[in-house]
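Engineer: Numbering (the numbering used here), first residue to last: 1288 to 1367. C-beta: ideal position from N, C-alpha, C; glycine also.
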């Protein structure tokens, strides 16, 4: 009874962290070089902190907010 919820929560957390990190990498590798913004040196030592912050404060909240809707749609697909 508890195991599926733990596995579901683990999947949501993992997906959220990966999504947030992926967004940061995409923005820094693709979007910002195409824009006219000033770019910081990637090897300045702050990139890891920015990556972790983006994973925790962008990706994780998005995944947590969207997880209930995704679970409802999965249940609806299974019952149909």
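Under a Cβ-count criterion, where at least 16 other Cβ atoms within 10 Å of its own Cβ denotes burial, should residue 1298 be classed as buried or exposed?
Structural biologist: Exposed: under 16 other Cβ atoms inside 10 Å.
Engineer: Are the beta-carbon atoms belonging to residue 1357 and residue 1303 less than 9 Å from one another?
Structural biologist: Result no, Cβ atoms of residue 1357 and residue 1303 do not sit closer than 9 Å.
Engineer: Whole angstroms is fine: what's the gap from residue 1314's alpha carbon to residue 1340's?
Structural biologist: Whole-angstrom Cα-Cα distance: 14 Å.
Engineer: Closest to residue 1338 by CA distance: which of 1324, 1308 and 1319 is it?
Structural biologist: If we check each option's Cα against that of residue 1338, 1308 comes out closest.
Engineer: Where residue 1322 and residue 1334 are concerned, what is the direct C-alpha to C-alpha distance, given to the nearest angstrom?
Structural biologist: If I take the Cα positions, the gap works out to 19 Å.
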